[in-house]
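The sequence shown runs 1 to 277 under UniProt numbering.
Using N, Cα and C, we set each Cβ at its ideal position, and we do this for glycine too.
Keep in mind it's a predicted model, so treat the numbers as computed, not measured.
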Amino acid sequence: MTDLRLTEQQQNYLLCFTDEHPSRTIIDLSQIFACSRPNAKKMLDRMVKAGILYKQKNDYYVTEIGTLIKDKLEREKQLLSLTMQGIFGIEEDRATIFSSQLIGKGENCIACFLSQKSKLFEHLPDPGEKVDGDFLLEILDKKTYPVHLTIFQQHVDEAESAIRPSMANKVFENTAELVIGDSPHVVFTTRPLKKEHKGHMKHGAVKELVYQKDGESHAIAFKDRRAEIPLDVFGQWTYLGGGVLIAYTWFRSYAAVNFSGHRAEANYLLVLNLAQC
């Protein structure tokens, strides 16, 4: 009986019945799927007729057969999510969203996901080639994407011929947000600053970042520990191959700790993995 064929929409309706919400109303489903109440009722009544749901007064519940089908869909959704995390390195929350969007595709869900991803790889440059930020606007939809942030010191350690990570990595979250929209930008988020001095704990926060453009200094203020940096501040992106692009720029940060201020300069490196988009 678990092989009963459901439409993609019926599967999505069925997955809305959870431990937290064992019953649903017509109003619930019309709001979740942004459809009219008559359309939601029509779908629910079809599922009642198929034996997947049953109705008591104004509430709909999942039948025993419906529960078996729903449990199977949940297992498939979890497997799809784990596949995305394991193979593509997609973060758990985003993988859960992707799997929820695709689970109704049945056996073609992985194929649909790969088809979506392949569009990002159709017109990539050669490894080592540089592209402008406009390239990202051409290949990415208007959404928010995870970007990895690492901050390096300005100076090379001559003894090791290496550029060391900056202490600022302890202050900034290592995942930033690339926001593709009418005003594309990157969001940096900081952690609260704490510093012990002479037995007293001092608290502070990063107040602003300063960058250079056309010989002039420009400041970007933080609000609620978040700063929005226009995408063009990062200039060109270098394609490393494997769907990975990097960009970096120099910032001077200003942090206020109690009544004193602290300024530091460092190079901020962004890594965008298209497989995780």
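- Validate contact between the stretch 139-151 and the stretch 176-184 using beta carbons, cut 8 Å, 3 pairs: yes
- Task: Decide if residue 217 is buried, meaning its Cβ has at least 16 other Cβ atoms within 10 Å, or exposed.
- Result: exposed
- Message: At the level of alpha carbons, what is the spacing between residue 164 and residue 205?
- Response: 23 Å
- Query: Just checking my contact of residue 267 with residue 188 at CB under 8 Å: how many whole Å lie between their CB atoms?
  - Reply: The Cβ separation is near 14 Å, so there is no contact.
- Task: Could you pull out every residue in the same chain whose Cβ sits closer than 6 Å to the Cβ of residue 264, ignoring the five residues on either side in sequence?
- Result: 253
- Query: First and last residue of the beta strand (DSSP E) that includes residue 30?
  - Reply: Residue 30 -> not in any beta strand (DSSP E); alpha helix (DSSP H) instead, spanning 26-32.
- Query: Do residue 250 and residue 130 come within 8 Å of each other at the CB atom, strictly closer than that value?
  - Reply: no
- Task: May I ask which residues mark the beginning and end of the beta strand (DSSP E) holding residue 241?
- Result: 237-241
- Task: Put residue 5 into one of helix, strand or coil per three-state DSSP.
- Result: coil
- In its own chain, which residues sit with a C-beta less than 8 Å from the C-beta of residue 41, not counting the 5 before and 5 after it? 26
- Could you check where the beta strand (DSSP E) with residue 55 kicks off and where it finishes? 53-56
- Message: Which same chain residues end up closer than 6 Å to residue 277 when comparing Cβ atoms and leaving out the 5 residues on each side of it in sequence?
- Response: 145
- Message: Considering Cα atoms alone, identify which of 155, 192, 138 is closest to residue 120.
- Response: 138
- Does the distance from the CB of residue 69 to the CB of residue 15 come in under 8 Å? no
- Below 8 Å between beta carbons: does that hold for residue 279 and residue 73? For residue 279 there is no data in the structure shown, the boundaries of the chain being 1 and 277.
- Item | Start-to-end residues for the beta strand (DSSP E) that takes in residue 98 | Unbroken run through residue 98 is the alpha helix (DSSP H), 92-102; no beta strand (DSSP E).
- Item | Range of the contiguous alpha helix (DSSP H) that encloses residue 40 | 37-49
- Inspect the beta-carbon positions of residue 79 and residue 102 and report whether they are closer than 8 Å. no
- Work out the CA separation of residue 225 and residue 49 for me, nearest whole Å. 53 Å
- Can you pull the DSSP bridge partners for residue 273? 244
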